[in-house]
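What follows is a set of notes on a single structure, which appears directly below.
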Amino acid sequence: MNLAATYSPKYIGVCRKAPVALKTRGNSIVLVTKKSEHENKPFKQNATTAIGSEKTLEKAFENAELTSMKKVAAKRYHALLRNARRAQSIAAKVNVTAKKHRAHTRRARQAAKAEKSAQ
Numbered sequence: 001m002n003l004a005a006t007y008s009p010k011y012i013g014v015c016r017k018a019p020v021a022l023k024t025r026g027n028s029i030v031l032v033t034k035k036s037e038h039e040n041k042p043f044k045q046n047a048t049t050a051i052g053s054e055k056t057l058e059k060a061f062e063n064a065e066l067t068s069m070k071k072v073a074a075k076r077y078h079a080l081l082r083n084a085r086r087a088q089s090i091a092a093k094v095n096v097t098a099k100k101h102r103a104h105t106r107r108a109r110q111a112a113k114a115e116k117s118a119q
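Heads up, the sequence shown is in full-length UniProt numbering, so the first residue is 1 and it goes up one at a time.
Structural data, given as structure tokens:
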């Protein structure tokens, strides 16, 4: 539940009743909050909300009265978004390379087969 990725009681959530964190789930970014009413039930303790834009994130922090953390959350959101986009582009490049490799090996197999049948 560390929002700023720094060791500080303010960002870790030690000082707050309901700590907040931003995490990635697949290609989307999720806001995770701890509910105070389920302190002794770990499975029900975390509430997650998918964040579509920075405006949604700001609104969530205003509603939770965490205005001091808004800038830190926006910074973390953009870092996670940049990381997710980078991972997505790398996956796309790997996919294209794999397709080219499969096509190349398929052509090589077909050529070898044609050579064998010609002999």
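Note that beta-carbon positions come from the ideal geometry of N, C-alpha and C, so glycine has one too.
Query	Result
Looking at L57: is its Cβ nearer than 9 Å to the Cβ of A73?	yes
Can you tell which of T48, F61 and R82 has its C-alpha closest to the C-alpha of N27?	R82
Mind checking I90: buried by the 16 CB within 10 Å criterion, or exposed?	exposed
Let me know the secondary structure DSSP gives N40 once reduced to three states.	coil
Tell me where the beta strand (DSSP E) around A50 begins and ends.	N46 to I51
Return the bridge partner residues of L80 from the DSSP annotation.	Answer is none; L80 lacks a bridge partner.
Over the uninterrupted beta strand (DSSP E) stretch that includes T33, give me the two end residues.	S28 to K34
Going by DSSP, which residues form a beta bridge with T24?	I29
In the DSSP assignment, find the unbroken alpha helix (DSSP H) run with T6 in it and report its ends.	Taken as a continuous stretch (DSSP letters only), T6 belongs to no alpha helix (DSSP H), as it is neither H nor E.
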